[in-house]
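Only one structure is covered here, and it is reproduced in the block below.
There are 2 protein chains.
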Amino acid sequence: MQQNSFAVVAKPGDRVADLSTPRPIIDEDRLAANIARTQAYMDRHGLNFRPHIKTHKIPALAAEQIAAGAKGINCQKISEAEVFAAAGFEDILITFNILGAQKLERLGALNDRIPGLKVVADSATTVDGLSSTFASRKPLTVLVECDTGGGRCGVQTPEEAKNLAKRIHDAPGLSFGGLLNYPKPDSAEAVQAFLGKALLLLKADGIACPIVSNGGTPSLFEAHLVSAATEHRAGTYVYNDRSMVRAGHCSEDDCAMHVLATVVSRPTADRAVIDAGSKALTSDLLGFSDFGTVVGYPEAVITGLSEEHGVIDLSKCGNKRPEIGEKIRIIPNHTCVVSNLFDTMVFHRDGVVTRVEGVAARGLVW
Amino acid sequence: MQQNSFAVVAKPGDRVADLSTPRPIIDEDRLAANIARTQAYMDRHGLNFRPHIKTHKIPALAAEQIAAGAKGINCQKISEAEVFAAAGFEDILITFNILGAQKLERLGALNDRIPGLKVVADSATTVDGLSSTFASRKPLTVLVECDTGGGRCGVQTPEEAKNLAKRIHDAPGLSFGGLLNYPKPDSAEAVQAFLGKALLLLKADGIACPIVSNGGTPSLFEAHLVSAATEHRAGTYVYNDRSMVRAGHCSEDDCAMHVLATVVSRPTADRAVIDAGSKALTSDLLGFSDFGTVVGYPEAVITGLSEEHGVIDLSKCGNKRPEIGEKIRIIPNHTCVVSNLFDTMVFHRDGVVTRVEGVAARGLVW
Numbered sequence: 001m002q003q004n005s006f007a008v009v010a011k012p013g014d015r016v017a018d019l020s021t022p023r024p025i026i027d028e029d030r031l032a033a034n035i036a037r038t039q040a041y042m043d044r045h046g047l048n049f050r051p052h053i054k055t056h057k058i059p060a061l062a063a064e065q066i067a068a069g070a071k072g073i074n075c076q077k078i079s080e081a082e083v084f085a086a087a088g089f090e091d092i093l094i095t096f097n098i099l100g101a102q103k104l105e106r107l108g109a110l111n112d113r114i115p116g117l118k119v120v121a122d123s124a125t126t127v128d129g130l131s132s133t134f135a136s137r138k139p140l141t142v143l144v145e146c147d148t149g150g151g152r153c154g155v156q157t158p159e160e161a162k163n164l165a166k167r168i169h170d171a172p173g174l175s176f177g178g179l180l181n182y183p184k185p186d187s188a189e190a191v192q193a194f195l196g197k198a199l200l201l202l203k204a205d206g207i208a209c210p211i212v213s214n215g216g217t218p219s220l221f222e223a224h225l226v227s228a229a230t231e232h233r234a235g236t237y238v239y240n241d242r243s244m245v246r247a248g249h250c251s252e253d254d255c256a257m258h259v260l261a262t263v264v265s266r267p268t269a270d271r272a273v274i275d276a277g278s279k280a281l282t283s284d285l286l287g288f289s290d291f292g293t294v295v296g297y298p299e300a301v302i303t304g305l306s307e308e309h310g311v312i313d314l315s316k317c318g319n320k321r322p323e324i325g326e327k328i329r330i331i332p333n334h335t336c337v338v339s340n341l342f343d344t345m346v347f348h349r350d351g352v353v354t355r356v357e358g359v360a361a362r363g364l365v366w
Numbered sequence: 001m002q003q004n005s006f007a008v009v010a011k012p013g014d015r016v017a018d019l020s021t022p023r024p025i026i027d028e029d030r031l032a033a034n035i036a037r038t039q040a041y042m043d044r045h046g047l048n049f050r051p052h053i054k055t056h057k058i059p060a061l062a063a064e065q066i067a068a069g070a071k072g073i074n075c076q077k078i079s080e081a082e083v084f085a086a087a088g089f090e091d092i093l094i095t096f097n098i099l100g101a102q103k104l105e106r107l108g109a110l111n112d113r114i115p116g117l118k119v120v121a122d123s124a125t126t127v128d129g130l131s132s133t134f135a136s137r138k139p140l141t142v143l144v145e146c147d148t149g150g151g152r153c154g155v156q157t158p159e160e161a162k163n164l165a166k167r168i169h170d171a172p173g174l175s176f177g178g179l180l181n182y183p184k185p186d187s188a189e190a191v192q193a194f195l196g197k198a199l200l201l202l203k204a205d206g207i208a209c210p211i212v213s214n215g216g217t218p219s220l221f222e223a224h225l226v227s228a229a230t231e232h233r234a235g236t237y238v239y240n241d242r243s244m245v246r247a248g249h250c251s252e253d254d255c256a257m258h259v260l261a262t263v264v265s266r267p268t269a270d271r272a273v274i275d276a277g278s279k280a281l282t283s284d285l286l287g288f289s290d291f292g293t294v295v296g297y298p299e300a301v302i303t304g305l306s307e308e309h310g311v312i313d314l315s316k317c318g319n320k321r322p323e324i325g326e327k328i329r330i331i332p333n334h335t336c337v338v339s340n341l342f343d344t345m346v347f348h349r350d351g352v353v354t355r356v357e358g359v360a361a362r363g364l365v366w
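Going down the list, the sequences are from chains S and P.
Quick note: the first sequence uses full-length UniProt numbering, first residue 1, plus one each step.
Quick note: the second sequence uses full-length UniProt numbering, first residue 1, plus one each step.
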């Protein structure tokens, strides 16, 4: 983790109101409630749960997710998996097509270190590359990534899924681990149709499919509608954000991350400028036209971000408007990308700092 | 700087084509040409030049800018200034309203360390806060930030500028340093009108105005049209990016930063997925509807980014389309925010790595 020798961010007992800004803060009680509520849902429906650590990148939080009942974790790149393996996690699924000599070598070393490493593939090219690396070492478990409508990676049909599964099954050094998808929201029926059909084809070919992994926070509480799935993956649920409120997944009161910012300028009656720009909130819109919800000022609109400034339109606000020097809290559009900008995360309960965690897997490429 | 103990990024002599992805790379020759061309323009017009280090956050590059003839540097926050002061830079302008006890204390310590620290203010609140800190220590130089149409911070009229300058002039612990603005592009006439009028008002009040600092890369080569200005500030020009090509500031061949990415999936004939998402390219659109220019595939459109994936629409491409495993280069929409995501920057000449620099001021808040 990067050490900023010039600044001690915070220590337990500090008041959040006294923190320098911009600074994302995590409400411990909301965090714990988000973890508990989601795990209870998964338990109720007999689904294994695999939190995606991209949202927080903090081993201590993954440990809390595992302690609550999660079966393993989900990473998006090898470097994240390396950090979490070093922290003691043994069941790690990397949901990415791994290609290229350096990455394959590091994947091999990682597979030697932990028992439960799994990756995905959606093409013969990826499978053949994995096989050429793992034929001569400890076998690797590979799931077939399916595009059930999300429009990102993934084989396009259940037939392709079956064919690629067979290629994995037959490839030296590889073990077929199952099927995986990252769906668009509210698509349980299409997901079930795709995965159910693929399972039938696999069964007809005599290929066992240990895992069927569905994912996403927006439709998390509809995960049980995909009866083909054995597990669900989700990241954002742990902090929640404005996009999850809009998706109906949670309320604003479930958003554990706020970004603390200071009003540094009030050039006009209708304009406030804060010290949180795209290097604190990111430019992720996720379909919104503005950059976050200002807590306590529901009519304030964050209309623009430059790198270190955010511009807020107050024209729809009444007489109560934020003044220069005032600290405000913002619910960001997208919490996962905010985490990725800060080397440390401050946690609090009722406004008093409880701990400061290093965002251990932040900034690691590959 | 963050040390990723799991990955050695690159070393001099490595071929860029062999680097693991995603990875921004800087072309040394383009970088040098950008620095030389801009400095020559400023010299030709007798303008002092103050590069904004937010774009690269690398002391070694600022040293090259100073060696070329720049008079000092521009930072956007105290932490950046601290890093550059520690690296030996003595003329640093922080273009931000500094508010809050911790920041003021650090600003005081920084002012004690270097001779040429300067900040800006656009309100009595900011000025009074600075004065209360600096009344009892080495005086601080403060410029008045003017909003000449950029719509961010700044006093709204030349009269307000004069009044705030007078407040600074009269405030214990502060020295009035001049006027500053961050204009919208192609607004030289309005900038000149505002600043020229403010200078007349200051002169009438007998207040000396040592610096008039104009800024921005998009209209950099029109800086001479603002005759009131004594200096110009710019950051992006050093690397350039897609938004600067669109602004007419440069050509694609002047873009020193490319983001190297690998095609990891070709789910359909018309879709490629790369390993550069919003955590490599950022979501900055800057008015574009897509997320960068794919070098060599001008018809390819990066239509969407998730965190670690970029989705490219190839439907307008001919038969030559990027294949799985192929490395492509992307000119990002906005280079400054890409720098902010990586702990190290790789430089190359003709595809051979020349050096790897730590992005020393990356990730520092405040």
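Idealized CB from N, CA, C, for every residue including glycine.
Is the shortest distance between the beta-carbon of residue i and the beta-carbons of chain P less than 8 angstroms?
{"i": "S/G351", "result": "no"}
{"i": "S/N340", "result": "yes"}
{"i": "S/C317", "result": "no"}
{"i": "residue 381 of chain S", "result": "The structure shown has nothing for residue 381 of chain S, since chain S only spans 1 to 366."}
{"i": "S/P59", "result": "no"}
{"i": "S/H249", "result": "no"}
{"i": "S/G363", "result": "yes"}
How far does the beta strand (DSSP E) with residue i in it extend, from its first residue to its last?
{"i": "S/K279", "result": "Counting along the chain, S/K279 falls outside any beta strand (DSSP E), and DSSP gives it neither H nor E."}
{"i": "S/V142", "result": "L140 to C146"}
{"i": "S/C336", "result": "Element bounds for S/C336: not the beta strand (DSSP E) but the alpha helix (DSSP H), T335 to S339."}
Can you tell me where the alpha helix (DSSP H) with residue i in it begins and where it stops?
{"i": "S/K327", "result": "Taken as a continuous stretch (DSSP letters only), S/K327 belongs to no alpha helix (DSSP H), being part of the beta strand (DSSP E) at K327 to I331."}
{"i": "P/K118", "result": "No alpha helix (DSSP H) contains P/K118, which is instead part of the beta strand (DSSP E) from G116 to A121."}
{"i": "S/P158", "result": "P158 to D170"}
{"i": "P/G177", "result": "Element bounds for P/G177: not the alpha helix (DSSP H) but the beta strand (DSSP E), L174 to N181."}
{"i": "P/A272", "result": "Per DSSP, P/A272 belongs to no alpha helix (DSSP H); it is in the beta strand (DSSP E), R271 to I274."}
{"i": "P/L99", "result": "It is not in any alpha helix (DSSP H) - P/L99 carries neither H nor E in the DSSP assignment."}
{"i": "S/V83", "result": "I78 to A86"}
{"i": "S/I66", "result": "P59 to A68"}
{"i": "S/V245", "result": "R242 to R246"}
Going by Cα to Cα distance, which pick from the options is closest to residue i?
{"i": "S/T21", "options": "S/I274, S/A300, S/D343 and S/G304", "result": "S/I274"}
{"i": "S/K320", "options": "S/A272, S/L174, S/L260 and S/A70", "result": "S/A272"}
{"i": "P/P210", "options": "P/A62, P/N74 and P/K118", "result": "P/K118"}
{"i": "S/S219", "options": "S/F194, S/L260 and S/C250", "result": "S/C250"}
{"i": "P/V352", "options": "P/V9, P/V8 and P/G13", "result": "P/G13"}
{"i": "S/T157", "options": "S/F89, S/W366, S/I98 and S/A193", "result": "S/A193"}
{"i": "P/V191", "options": "P/A204, P/A208, P/V301 and P/T148", "result": "P/T148"}
{"i": "P/R246", "options": "P/V226, P/C317 and P/T293", "result": "P/T293"}
{"i": "S/I58", "options": "S/V263, S/V356 and S/V365", "result": "S/V356"}
{"i": "P/L104", "options": "P/S136, P/F89 and P/D91", "result": "P/S136"}
{"i": "S/R113", "options": "S/G235, S/F89 and S/N97", "result": "S/F89"}
{"i": "P/K197", "options": "P/L341, P/A223, P/A161 and P/V8", "result": "P/A161"}
{"i": "S/A124", "options": "S/A109, S/R167 and S/A86", "result": "S/R167"}
{"i": "P/T354", "options": "P/A17, P/D27 and P/D343", "result": "P/D27"}
{"i": "S/V259", "options": "S/I324, S/A81, S/H348 and S/A229", "result": "S/H348"}
Does the CB of residue i have a neighbour CB from chain S at under 8 angstroms?
{"i": "P/R246", "result": "no"}
{"i": "P/S243", "result": "no"}
{"i": "residue 378 of chain P", "result": "The structure shown does not extend to residue 378 of chain P, since chain P is modelled only from 1 to 366, so the question has no answer here."}
{"i": "P/C153", "result": "yes"}
{"i": "P/D186", "result": "no"}
{"i": "P/D313", "result": "no"}
{"i": "P/P267", "result": "yes"}
{"i": "P/E222", "result": "no"}
{"i": "P/T236", "result": "no"}
Based on DSSP bridge pairs, tell me the residues matched to residue i.
{"i": "P/L260", "result": "P/R23 and P/R329"}
{"i": "S/A234", "result": "S/P51"}
{"i": "P/L201", "result": "None; P/L201 has no bridge partner."}
{"i": "P/V353", "result": "P/H348"}
{"i": "S/D313", "result": "S/R271 and S/V301"}
{"i": "P/V155", "result": "P/C146"}
Open item on the list: Closer than 7 angstroms between beta carbons: that is the criterion. Which residues of the stretch 81-111 of chain S meet it against chain P?
Closed with: E82, F96, N97, L99, G100, Q102 and K103
Task: Residues of the stretch 108-132 of chain S whose Cβ lies closer than 8 angstroms to any Cβ of chain P, in chain order - done: D122, S123, T125, T126 and G129
Task: Residues of the stretch 11-24 of chain S with Cβ closer than 9 angstroms to any Cβ of chain P, in chain order - done: D18, L19, S20, T21, P22 and R23
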